[in-house]
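S.K.: Everything in the sequence shown is counted per the numbering used here, starting at 372 for the first residue and increasing by one. This is the structure, below, for whatever I ask next.
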Amino acid sequence: MPYIQTSRLTLVTFTTELMQAAIIDQLELAQITPYKVAAGYPSEEYKKIIPYKIKRYSEYPWENEWEGIIIHNASQTIMGDMGFRRKDGDQDQLELGYSIAPTYQGNGYATEMAKAMVKWGLKQQEIKKIVASCDPSNIASVRVLEKAGLKQIKEHNNKIHWTT
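Next comes the structure, spelled out in structure tokens:
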């Protein structure tokens with residue numbers, strides 16, 4: 372993951388070592404980074420996804436370069452993550468995903484980093500579009516994706532699908 376910095380946030384690579392620490396607990400993650408860790412990060416739901424990501428990165432190591440932890444610059448706190456993955460068979464697009472600690476939600480951080488990530492992603496060789504999906508009831512994610520420049524293309528299986 373490139374070092375991406377906005378006015379309030381920095382994105383650094385979410386290495387498999389950091390992911391393994393995050394599965395254990397916040398203390399473990401804080402011990403191997405120079406950052407504090409926001410309360411509620413990672414969520415229990417996200418912890419269940421991390422082993423899949425670690426396995427996927429062993430099969431597709433270049434994808435780990437597209438996954439980052441979000442650092443809140445002022446407090447030097449890990450407050451979320453954001454990244455891309457290639458959808459199987461779609462080599463010209465990247466799928467955006469993210470999570471933000473509850474105490475940092477509602478402040479425009481996800482939107483700020485999503486805009487920077489979309490801009491970076493579209494500059495990558497062979498990438499023609501960024502896609503995403505979210506639950507229609509997740510109004511915050513709907514707003515983030517709209518503000519990041521994605522457009523709704525369809526609703527299918529209780530998910531809104533987006534593209535640049």
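By construction, the Cβ of each residue, glycine as well, lies at the ideal position given by its N, Cα and C atoms.
CA-CA distance, residue 416 and residue 494?
M.R.: Rounded to whole angstroms, residue 416 to residue 494 spans 31 Å at the Cα level.
S.K.: Alpha carbon to alpha carbon, how far is residue 376 from residue 491? Give it in angstroms, no decimals.
M.R.: Those two C-alpha atoms are separated by around 11 Å.
S.K.: In three-state terms, what does DSSP make of residue 498?
M.R.: In the structure shown, residue 498 sits in coil (DSSP, three-state: anything other than H, G, I, E or B).
S.K.: How would you label residue 433, buried or exposed, when you count the other beta carbons within 10 angstroms and need 16 or more for buried?
M.R.: Exposed, since its Cβ has fewer than 16 Cβ neighbours within 10 Å.
S.K.: Return the CA-CA distance between residue 451 and residue 523, expressed in angstroms with no decimal places.
M.R.: Roughly 24 Å between the two C-alpha positions.
S.K.: Mind pulling the alpha helix (DSSP H) runs of 4 or more residues that sit fully within the segment 448-503?
M.R.: DSSP runs (the alpha helix (DSSP H)) wholly in the segment 448-503: 480-493.
S.K.: By the DSSP assignment, the alpha helix (DSSP H) with residue 384 in it spans what residues?
M.R.: Careful: residue 384 lies outside any alpha helix (DSSP H), inside the beta strand (DSSP E) at 380-384.
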